[in-house]
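Undergrad:
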């Protein structure tokens with residue numbers, strides 16, 4: 001399973017950090033993936049909201 005899960009629904013982009021066993025601590029690969037997702041969202045006029053959260057009980 002991926003460490004970052006993204007899902008688009010209309011004008012909403014949902015981004016979930018998916019490493020609950022590590023309290024969703026980000027790796028260098030996750031930083032790159034997240035930057036790519038956010039850069040793509042910034043260029044897309046249809047995306048109005050980005051919801052960013054962590055799986056499980058922690059969000060780092």
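In our numbering, the protein residues as written are 1 to 60.
By construction, the Cβ of each residue, glycine as well, lies at the ideal position given by its N, Cα and C atoms.
#1: Residue 51: buried (16+ other C-beta within 10 angstroms of its C-beta) or exposed?
#2: What separation, rounded to the nearest whole angstrom, lies between the Cα atoms of residue 46 and residue 37?
#3: In chain order, which continuous runs of the alpha helix (DSSP H) of length 4 or greater are located wholly inside the segment 10 to 45?
#4: Residue 22 to residue 13, Cα distance in whole Å?
#5: Looking only at DSSP bridge pairs, what is residue 56 linked to?
TA: Taking the definition as stated:
#1: By the neighbour-count rule (16 or more Cβ atoms within 10 Å), residue 51 is not buried but exposed.
#2: Each residue's Cα considered, the two are about 14 Å apart.
#3: Scanning the segment 10 to 45 from its first residue to its last, the whole alpha helix (DSSP H) runs of 4-plus residues come out as 28 to 43.
#4: In a straight line, the C-alpha of residue 22 is about 24 Å away from that of residue 13.
#5: Partner(s): none; residue 56 has no beta bridge.
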